[in-house]
Amino acid sequence: GAGVSQSPSNKVTEKGKDVELRCDPISGHTALYWYRQRLGQGLEFLIYFQGNSAPDKSGLPSDRFSAERTGESVSTLTIQRTQQEDSAVYLCASSLDRLARSSYNEQFFGPGTRLTVL
Amino acid sequence: QQPVQSPQAVILREGEDAVINCSSSKALYSVHWYRQKHGEAPIFLMILLKGGEQKGHDKISASFNEKKQQSSLYLTASQLSYSGTYFCGTESKYNTDKLIFGTGTRLQVFP
């Protein structure tokens, strides 16, 4: 079946502009995660959605970052007034609800959106 | 609170073995291992739940010591396809489902 998809695959923007990144999780996956990966660095947790629960926003680096999710489907990550330090690959992942899976929550990652802020 | 991985980088010849360690300062519920090839998304390798169990995936296995809050990934008779960056992801006892990924270990296997 279809995996996690993200769009756009690449985004080049000017400093100060707003950007929206989109993630389509695997159908039936109620958990959705956003991560940021700077060049040559690890995966930095940003935000986590689980069903209708309040999202865990503890990883968002500043109030310029926000994310929404429509039900158990598409999510958008918005970065306002982009800065050069926002340049990174933004990865989205999804997994099954803990109650729906047998024992573990393997995360399936999308291909990422490479954001470049000039 | 990010798990620390060691070593940071490993260079191997095909057929050699390697061990990658992951250490956390928090009480853990589980440890996940992922591999990421250059320019690609991370791929799930395995998960270890509390209880000290070991799991295997082809010639890659791992262990989890809950008391020490540590996990180790063992790569046996490495193949060229093992090259990539390995990340552990830890799930704490107090915030399950949320993974905090480690610092990463870059593995290069040469013929």
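Taken in order, these protein sequences are the chains called A and B. Quick note on numbering: the first sequence equals residues 2 to 119 in the numbering used here. Quick note on numbering: the second sequence equals residues 60 to 170 in the numbering used here. Glycine included, every Cβ here is placed at the ideal spot set by N, Cα and C. Remember, predicted model here, so these are calculated numbers, not experimental data.
Beta-carbon proximity check, residue i vs residue j, cutoff 7 Å
{"i": "residue 10 of chain A", "j": "residue 25 of chain A", "result": "no"}
{"i": "residue 61 of chain A", "j": "residue 47 of chain A", "result": "yes"}
{"i": "residue 133 of chain B", "j": "residue 120 of chain B", "result": "yes"}
{"i": "residue 1 of chain A", "j": "residue 17 of chain A", "result": "This structure does not reach residue 1 of chain A, given that chain A is present from 2 up to 119, and the question cannot be answered."}
{"i": "residue 37 of chain A", "j": "residue 91 of chain A", "result": "yes"}
{"i": "residue 3 of chain A", "j": "residue 35 of chain A", "result": "no"}
{"i": "residue 103 of chain B", "j": "residue 107 of chain A", "result": "yes"}
{"i": "residue 87 of chain B", "j": "residue 128 of chain B", "result": "yes"}
{"i": "residue 27 of chain A", "j": "residue 110 of chain A", "result": "no"}
Reference residue i, options the options, closest by Cα
{"i": "residue 107 of chain B", "options": "B:100, B:98, B:101, B:91", "result": "B:91"}
{"i": "residue 99 of chain B", "options": "B:123, B:144, B:82", "result": "B:144"}
{"i": "residue 95 of chain A", "options": "A:41, A:69, A:30, A:54", "result": "A:30"}
{"i": "residue 64 of chain B", "options": "B:156, B:157, B:148", "result": "B:148"}
{"i": "residue 73 of chain B", "options": "B:126, B:138, B:85, B:127", "result": "B:138"}
{"i": "residue 77 of chain A", "options": "A:84, A:93, A:87", "result": "A:93"}
{"i": "residue 66 of chain B", "options": "B:163, B:170, B:168", "result": "B:163"}
{"i": "residue 82 of chain B", "options": "B:122, B:153, B:130", "result": "B:130"}
{"i": "residue 86 of chain A", "options": "A:52, A:63, A:27, A:8", "result": "A:63"}
{"i": "residue 80 of chain B", "options": "B:153, B:89, B:122, B:170", "result": "B:122"}
{"i": "residue 59 of chain A", "options": "A:45, A:75, A:88, A:28", "result": "A:45"}
{"i": "residue 53 of chain A", "options": "A:41, A:88, A:71", "result": "A:71"}
{"i": "residue 51 of chain A", "options": "A:42, A:111, A:74", "result": "A:74"}
Cβ shell of residue i (< 8 Å), same chain only, five flanking positions each side left out
{"i": "residue 12 of chain A", "result": "20, 22, 114, 115, 116, 117"}
{"i": "residue 135 of chain B", "result": "76, 118, 119, 120"}
{"i": "residue 157 of chain B", "result": "150, 151"}
For residue i: DSSP bridge partner residues
{"i": "residue 25 of chain A", "result": "A:6"}
{"i": "residue 108 of chain A", "result": "Residue 108 of chain A pairs with nothing; no bridge assigned."}
{"i": "residue 94 of chain B", "result": "B:102, B:145"}
{"i": "residue 38 of chain A", "result": "A:90"}
{"i": "residue 124 of chain B", "result": "B:129"}
{"i": "residue 60 of chain B", "result": "Note: residue 60 of chain B sits in no beta bridge, so no partner."}
{"i": "residue 95 of chain A", "result": "A:33, A:109"}
{"i": "residue 87 of chain B", "result": "B:151"}
{"i": "residue 165 of chain B", "result": "B:68, B:144"}
{"i": "residue 67 of chain A", "result": "A:79"}
{"i": "residue 82 of chain B", "result": "B:63, B:129"}
{"i": "residue 108 of chain B", "result": "B:89"}
{"i": "residue 134 of chain B", "result": "B:77, B:119"}
For residue i, three-class secondary structure by DSSP
{"i": "residue 85 of chain A", "result": "helix"}
{"i": "residue 140 of chain B", "result": "helix"}
{"i": "residue 152 of chain B", "result": "coil"}
{"i": "residue 33 of chain A", "result": "strand"}
{"i": "residue 44 of chain A", "result": "coil"}
{"i": "residue 76 of chain B", "result": "coil"}
{"i": "residue 75 of chain A", "result": "coil"}
{"i": "residue 119 of chain A", "result": "coil"}
{"i": "residue 12 of chain A", "result": "strand"}
{"i": "residue 158 of chain B", "result": "strand"}
{"i": "residue 54 of chain A", "result": "coil"}
Close-in-space but distant-in-sequence residues of the same chain around residue i (CB under 6 Å, 5 per side omitted)
{"i": "residue 165 of chain B", "result": "68, 144"}
{"i": "residue 79 of chain A", "result": "21, 67"}
{"i": "residue 89 of chain B", "result": "106, 108, 150"}
Own chain, CB closer than 7 Å to residue i, minus 5 neighbours either side, in chain order
{"i": "residue 168 of chain B", "result": "71, 73, 137, 138, 139, 141, 142"}
{"i": "residue 57 of chain A", "result": "48, 49"}
{"i": "residue 146 of chain B", "result": "93, 95, 101, 160, 161, 163"}
{"i": "residue 170 of chain B", "result": "73, 139"}
{"i": "residue 89 of chain A", "result": "37, 38, 39, 116"}
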